[in-house]
Amino acid sequence: MTVSTLPSLPIAGHETIITTQLNYAKNGEPVVDLDILHQRLVHNFITKLDFTAFAHIHNEDFSPLTEIQKETGTLSFPYTFPSNGNYRMVSEFTHQKRSWTKHFDISVGENNAPSALLEEKISHSSVNGDYHARLSYPDEKLMEKKSTVLEILISKKDVPVNNLKLHLGSEAHVAIWRTDGKNFGHTHSYTPKMRELMDAMKHNDKTGSHSKKAMRSMMYTVMSMPEELMFKGPIIPLLHSFPETGTYKIFIECAPDGLPIVFDFTVDVGSEKHDSSHSRLQHH
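Mapping of the sequence shown onto my numbering: residues 34 to 317, in sequence order.
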């Protein structure tokens, strides 16, 4: 996959047309048979690398796919970068039941210095207009390489909401980056069916570690199912495993009363190895 912009150097505050082109690496032929998951061919996630801007955006948000687009593997959409700086776009697509992600860096404005590593304050609370969301998880601290159920509780003017609607096939679309821009993750609401499939994977995998192939197959199965609203509110459960330690930014898009809005949180992820060695030192 390649990406291009028009204009070639995007201008903050002005509309930019972003175009993705998907071809086979072996022969350069366009890929024309992508799977449609959650109503879209390619899901694009854009963030400024200081995490002050975020978008979950698709070609089909603005116009139906044309035959030429399908035949050439070319998709495009407009986006207005809010300010100068360095941005990262992750494009996710599924081909023959296998999910792929491609990462692109886009510079807006001139003479942008490399993005410095951010020291984000930990935040489990987020406000968007009249809506407030709080993030919680069962353990005192998030740990790397451990599947954890996160929950967001959403309220409007201090009243818990009960009118969540499906947006693109799910109650929640979640994009996650470590604050150095690495370790991108994408997940959705943790439905009873997903829990059932996860339990089956655990039963069949005596080692307790799920293979990437099994996880991909499970996620494809879930995202291919008929759309069904499971969580009207105020709580949406999510499942994620953070691959490494560090500070992570979490963007969660949901649709109370059918209106898509985004909440953002910042969490710290530790290591059980570090915690256990620290505990042993304290006991000596």
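In this text, a Cβ means the ideal position worked out from N, Cα and C, and glycines have one as well. Computed from a prediction, not measured in an experiment: that's the story for all the values here.
Do you know how far the Cα of residue j is from the Cα of residue i?
i: GLY142; j: ILE50; result: 15 Å
i: SER159; j: PHE298; result: 7 Å
i: HIS311; j: MET252; result: Because the pLDDT at HIS311 is just 47, under 50, the model does not fix this residue reliably, and the value given afterwards should be weighed accordingly. Straight-line Cα distance between these residues: approximately 36 Å.
i: LEU186; j: ALA58; result: 44 Å
i: SER37; j: PRO193; result: 43 Å
i: TYR170; j: THR181; result: 7 Å
i: HIS221; j: MET234; result: 18 Å
i: PHE78; j: ILE90; result: 6 Å
i: ASP213; j: THR280; result: 9 Å
Apart from the five residues just before and just after residue i, which ones in its own chain have a Cβ nearer than 6 Å to its Cβ?
i: ASP163; result: LYS189 and LYS190
i: LYS198; result: ALA288 and GLY291
i: THR134; result: VAL123 and GLU125
i: VAL255; result: MET227
Do residue i and residue j have their CB atoms nearer than 7 Å?
i: GLY106; j: VAL75; result: no
i: PHE296; j: ALA86; result: no
i: LYS282; j: PHE84; result: yes
i: ASN161; j: GLY266; result: no
i: LYS53; j: MET34; result: For the record, residue 53 in the displayed sequence is Thr; it is not Lys. Result yes, Cβ atoms of THR53 and MET34 sit closer than 7 Å.
i: ARG73; j: GLU100; result: no
What is the C-beta distance between residue i and residue j, in whole angstroms, given that I count them as a contact (C-beta under 8 Å)?
i: ASN56; j: GLU62; result: 6 Å
i: HIS200; j: GLU125; result: Not confirmed; about 16 Å, so no contact.
i: LYS32; j: GLY118; result: Summary: the structure shown does not reach residue 32, with the chain confined to residues 34 through 317, and so no result is reported for it.
i: PRO323; j: ASN216; result: No answer is possible for residue 323: it lies beyond the span of the chain, which begins at 34 and ends at 317.
i: GLY202; j: GLU260; result: 5 Å
Helix, strand or coil: which one does DSSP assign to residue i?
i: LYS135; result: strand
i: TYR253; result: helix
i: ILE69; result: coil
i: PRO225; result: helix
i: ILE101; result: helix
i: ALA166; result: strand
i: ASP172; result: coil
i: LEU42; result: coil
i: HIS47; result: coil
i: MET234; result: helix
What residues in its chain sit with their C-beta under 7 Å from that of residue i, if we drop five residues either side in the sequence?
i: MET258; result: LYS226
i: LYS178; result: SER274 and PRO276
i: TYR223; result: VAL182, PRO270, LEU271 and LEU272
What do you reckon, is the C-beta of residue i under 6 Å from a heavy atom of the ligand HEM?
i: LEU199; result: Among the ligands in the structure shown, none appear at all, so the ligand HEM cannot be discussed.
Within its chain, find whatever has a CB closer than 8 Å to the CB of residue i; leave out the 5 residues flanking it on each side and keep chain order.
i: LEU262; result: LEU197, LYS198, LEU199 and GLU204
i: SER132; result: GLU125, PHE126, ARG249, MET252 and TYR253
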